[in-house]
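Here is the structure we will look at, set down as structure tokens.
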Amino acid sequence: MKLKMIASMLGTAAVAGTMLVSGVASAEEKVGFVYVGPVGDHGWTYRHDLGRQAVEKALGDKVKTTFVESVKEGPDSERVIRQLAADGHKIIYTTSFGFMNPTLKVAKQFPNVKFEHATGYKRGENVSTYSARFYEGRYVVGKIAGKMTKTNIIGYVGSFPIPEVIRGINAVALAAKSVNPNIQIKVTWVNTWYDPGKEGDAAKALIDQGADIILQHTDSPAPLQVAESRGVWAVGQASDMGHFAPKAQLTAIIDNWDGYYVERTKAALDGTWKSQDIWGGFKSGMVQLAPYNSAIPADVVKLAEETRAAITDGSLKPFAGPFNKQDGSEAVAAGSELDDGVLLGMDWYVEGVQGKLPK
Amino acid sequence: MLLKIEKRPESSHSMVYVTPILALLLTVLTGIVLFKILGVDPIEALKNFFIVPINNQYGATELLVKATPLILCAIGLSVGFRANVWNIGAEGQLTLGAIFGGGVFIYFHDVDSVFLLPIMIVMGAIGGALWGAIPAFLKTRFNANEILTSLMLVYVALLLLSLLVHGSWKDPDGYNFPESRIFSDSATMPILLEGTRLHFGTILALLAALGTWFMLGKTLVGFQIKVIGAAPKAGSYAGFSQKKIVWFCLLFGGAMAGIAGVSEVAGPVGQLLPSISPGYGFTAIIVAFLGRLHPVGIIFAGLLMALTYLGGETAQINLGLPVAVTGVFQGMILFYLLACDVLVNYRFRLARFGKAAS
Amino acid sequence: MNGFEWFIPVILTVITAATPLVFAGIGELVTEKSGVLNLGIEGMMIVGAVAAFITATLTGNYLLAVVVAALSGAFMAFLFGILTLSLMANQVATGLALTLFGIGLSALIGQDFVGEPVQAIAKLNIGGLSDLPVIGPILFGQDPLVYLSFLMVFLVSWFLFKTKAGLILRAVGDSHDAAHSIGYSVIGIRYAAVMFGGAMSGIGGAYLSLAYTPMWAENMTAGRGWIALALIVFATWKPGLVLVGAYMFGGITILQLHAQAAGLDIPSQILSMLPYLATIVVLVVISKDESRIRKHAPACIGKIFHPAA
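Chains as they are written, first to last, in my numbering: chain A, 472 to 830; chain B, 14 to 371; chain C, 15 to 323.
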């Protein structure tokens, strides 16, 4: 085995051992997945691909799954989605926001194919949308971070200033402030979802400016590795990244699409599929937390678990008032909460977050 | 016995056509080995790469859709490459074309006029040309190497687009997602064939190729470019201004890439997105050389390059081959095509040992 | 915080950001000095990165990992050499094809290693010296590859300008016909220069996957090969300036991240443009003296050599 792998380094024949190609289809139904990154990104796309594998496992020879990876948002995605539809796929999952308009265009041309688009807001007769309330996870993380920080500075490595990311930052800020009023959140945008070097550098810059907890909304484990080597805390993204940072990872916010994909694929096969809009959180299992770091004190674990339980049963709403926007003006009054429409398009910071958002 | 490469007295005409076929044969042979190793039926794999993507009308039109920006950029670059102007920043010029052309729609989105699209195309060309003008200015005025300046400006352009679509140009009804409004019908490239995505941009690409062919063959500036490219000193003896040629090449290359950019956003993309090109501007450099810097060659090279991308998608869908295989396979095809070109100007000879080397 | 202490970690960060660029840049500089333009740096780096990672994971031997990375990079460069030197294919296009090929190949052979961590290369620790304030961690607390990068810059500079072999290499790059007529093997020398460039790119890649961010992920070079290419132009083909350029580029990248973290009210996209814009501005300033650049730029760069031509 070892020898074979060494040989494969040289780009020789041994690549064979690493490849698996599915056999020829029989009467099974085809299920398609379109990914924006490579399945080897260990982040967003990797989690969706685990979902695809869960479908294969659960439905066995009733289905045959197909995936196309590294599909660029833009004209290429429309062609790929269309090709999957024309190719007789029963249901097609398009797993990036940028695939929204192409998915809708193709869906109009193929009314008998079911489409599931992740994180978008446009739907149709045969187009559902699904997304996860990752901010619920981030709210729990915020509580832990607020308790664990010594410097009262939380560093946040952001990808792009889009509502999804801003929502996460705000959730952390609200939760952290609720247990530690002096908290400050520093954000750096790396303008990429994926560049391990740059993400790591951003984490270093944040640590150098006093942050002792690193949160991230980018895909690689680099910020955790930096936290590990600098002796500060961090939280994993998308997967349990504990093996990259056994000491530093407090917990991780895990994307889990397995259950949703199995359920929706079944529905498409037995004809009960209907267009819907799902925004699942802890309760649906789409958002999960990795095991807590054993270094977290018991009372903080208890607080985190209580928070999670309260969010799961609906008694705690992360964006319930009263809280203020960054400039001190009131965002939500006591007794009410932000509705999903506002959350979906969130483009402002809450109090405690530093820096300005581009307008 | 030793294999020796010898320059032909003059370029072989037949080899111009024979070498691509030879390269394709070699690709097929190596492909058979590669796919066998990967455990895939080689015939199926090759069929999926080269035939399945275009064996119906829709697929064939998609080939043209994919090739259009590649051809446009490559045509523009080829003129510069002939004159030794190393513009490798077509990606940035394409992006500026999209920003300028798309910007027209952003500001006049409620205007419904037949003039909207032509203005967008012109503005796209201007945007690309302006981005090309920066390296031209820095080169002619400050002697700054255009490889560096044009490349650095690619990153600046991409960030500029990101700034706009994350900021003031985002769709007001789009929940603050980084996408512009969807372009209206009067801001969209007309579709040439109902039910497909084949659009007017493809015609622009063909016109660009024709125009460039004419320019290189029949006009003074074309002549100057060829002379300066072949022998810079001769060019300056003849009184040609090197600076003017630098300006011309970068403006022309920029404008072509700019048109490619606007034809993408007003064509198959249909809106401004944070990233609108999967590296067409870079791939076009290969296309330009693969097409031997000749407009007709570039059309064929663009189509072939586009086919390998489409083939990669088809191979993923039908055979489950990972996208990495496409990269390896593409690299291989390109290696063979580039290597076989040696036969156009050179021939192989068996030479005996002991004979003095050249 | 007092005096200097705040910028020690900043400098440490800059060093890690600049080192892969220094390796790839200094290698490509030698390649270009011999008159060959290889745009495939990115492809050679990424193959070096995956080869180093796999070797380190399987054997735990980091020296071997770096050697394998260098060999893999050199092998990729050898492919480039066959095409451009022996078969006289166009260098620009072949280099780009090499990048496509390298990214695909590395993804293919690395797919079993995604999501696996590896121990980072150990940093130097020379007892008391590394513990000295300020200069300790900067001068005596780096990983061995950082020192190697400085050593390579010095060696390349010495080789090119102080040895006869270096003189020949430069002659080949400046006038291959003249070098050939004196009796030097232009092609042979260029093969050596190209493969040296590949080896250095490979080590640059190894630095990414073993030290900078000790992991393997597809496409993890993320365009650094292109920056390295630009740095040589920036350096006007002088080894010392490659070092300056890499540290300047890395430095501005890190500073803009700091500016963001400090809450500076400028959109992050504009701050992110700074390293690129600064590189252009500095190039413009240093390019004014045309004759100086002429003196250092290899005249035959990118031109095909055939003995009978």
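For each residue, glycine too, the CB sits at the ideal point set by N, CA and C. All figures in this text were calculated on a predicted structure; none of them were measured in a lab.
### Query
What first and last residue would you give for the beta strand (DSSP E) that runs through L760/A?
V758 to L760
### Query
Does any residue of chain A bring its CB to less than 9 Å from the CB of N139/C?
No, no contact with chain A.
### Message
For a quick check, are the C-beta atoms of A275/C and L677/A less than 9 Å apart?
### Response
Yes, the pair counts as a contact, with Cβ atoms nearer than the cut-off.
### Task
Please list, in chain order, all residues of the same chain as L291/C whose beta carbon is under 6 Å from its beta carbon, the five residues on each side excluded.
none
### Helix, strand or coil at R701/A according to DSSP, with G and I counted as helix
Correct three-state label for R701/A: helix.
### Query
Can a CB atom of chain E be found closer than 9 Å to the CB of N358/B?
In the structure shown, chain E cannot be found, because the protein chains are A, B and C.
### Task
Please work out which residues of its chain come closer than 6 Å, Cβ to Cβ, to T117/B, disregarding the five sequence neighbours upstream and downstream, and give them in chain order.
This sequence places Val at residue 117/B; Thr is not what is there. Same-chain partners within the cutoff: I132, M133 and M136.
### Query
Who are the Cβ neighbours of G324/B in its own chain at under 7 Å, not counting the five residues just before and after it?
Excluding five sequence positions before and after G324/B, the CB atoms of its chain that fall closer than 7 Å to its own CB belong to N61, F62, F63 and P66, given in chain order.
### Query
Nearest to P23/C by CA position, among G681/A, A642/A, G668/A and Q696/A, is which residue?
G681/A
### Task
Could you have a look at A662/A and say whether DSSP puts it in helix, strand or coil?
Inspection of the sequence shows that residue 662/A is occupied by Asn rather than by Ala. In the structure shown, N662/A sits in coil (DSSP, three-state: anything other than H, G, I, E or B).
### Task
Apply the 10 Å Cβ neighbour rule to K176/C and answer buried if 16 or more other Cβ atoms are within range, or exposed otherwise.
exposed
#### Entry: Three-state secondary structure assigned by DSSP to Y601/A
Collapsing the DSSP output to three states places Y601/A in a strand.
### Message
Within 10 Å of its beta-carbon, does S493/A have 16 or more other beta-carbons around it, so buried, or fewer, so exposed?
### Response
Here the model assigns S493/A a pLDDT of 42, short of 50, so the residue's position is not dependable, and the following value carries that caveat. The residue in question, S493/A, is exposed, as its Cβ has fewer than 16 Cβ neighbours within 10 Å.
### Query
Under three-state DSSP, which class holds Q687/A?
strand
### Close Cβ partners of W251/C (< 6 Å) along its chain, the five nearest in sequence each way excluded
H310 and A311
### Query
Taking C-beta to C-beta, are G239/C and S223/C nearer than 9 Å?
no
### Task
Would you mind stating whether S163/B and F213/B have Cβ atoms separated by less than 9 Å?
no
### Message
Residues of the region 277-307 of chain B in Cβ contact with chain A at a cutoff of 8 Å, in chain order, please.
### Response
E277, G280, P281, V282, G283, Q284, L286, P287, S288, I289, S290 and P291
### Query
Would I298/B be called buried (16 or more neighbouring beta carbons within 10 Å of its own) or exposed?
buried
### Query
In this structure, does DSSP put W750/A in helix, strand or coil?
strand
### Query
Among A674/A, G508/A, M571/A and L721/A, which has the Cα closest to the Cα of V658/A?
The candidate whose alpha carbon is nearest that of V658/A is A674/A.
### Query
Are the region 515-524 of chain A and the region 232-252 of chain B touching by the rule of at least three beta carbon pairs closer than 8 Å?
no
### Message
So if I threshold CB-CB distances at 9 Å, which residues from the region 279-295 of chain C count as touching chain A?
### Response
D279, I280, P281, S282, Q283, I284, L285 and S286
### Message
So that I know if they touch, is there some Cβ in chain A lying closer than 9 Å to that of Y188/B?
### Response
Yes, Y188/B counts as interfacial toward chain A.
### Task
Would you please state the rounded distance, in angstroms, between the beta carbons of N193/B and D186/B? I believe it to be under 8 Å.
Residue identity differs from the one stated: residue 193/B is Ser in this sequence, not Asn. The Cβ separation is near 11 Å, so there is no contact.
### Query
Do S91/B and T225/B have their CB atoms nearer than 9 Å?
yes
### Where the region 261-276 of chain C meets chain A: residues whose CB sits under 8 Å from a CB there
T267, I268, L271, H272, Q274, A275 and A276
### Task
Starting from F586/A, trace the beta strand (DSSP E) both ways and give me its first and last residue.
It spans K585 to A589 - the beta strand (DSSP E) in which F586/A sits, taken as one unbroken run.
#### Entry: Spatial distance of D303/C from F248/C (CA atoms)
13 Å
### Cβ neighbours of N358/B in the same chain (closer than 8 Å, five flanking residues each side left out)
K20, R21, S24 and S25
### Query
Are the beta-carbon atoms belonging to S175/B and P287/B less than 9 Å from one another?
yes
### Query
Quick one: any contact between the region 603-611 of chain A and the region 541-556 of chain A, if contact means 3 or more CB pairs under 8 Å?
no
### Task
Examine the Cβ distances between the region 323-343 of chain B and the region 46-62 of chain B and report whether three or more of them are shorter than 8 Å.
yes
### Message
So, at 7 Å on beta carbons, what are the nonlocal neighbours of A200/B in its own chain, with the 5 sequence-adjacent residues on each side left out?
### Response
F118, L129, L130, M133 and A279
### Query
Using the C-alpha atoms, what's the distance from R305/B back to V355/B?
12 Å
### Task
Let me know if I258/B comes out buried or exposed under the rule of 16 or more other beta-carbons within 10 Å of its beta-carbon.
Classified as buried, I258/B has 16 or more neighbouring CB atoms from the shown chains inside 10 Å of its CB.
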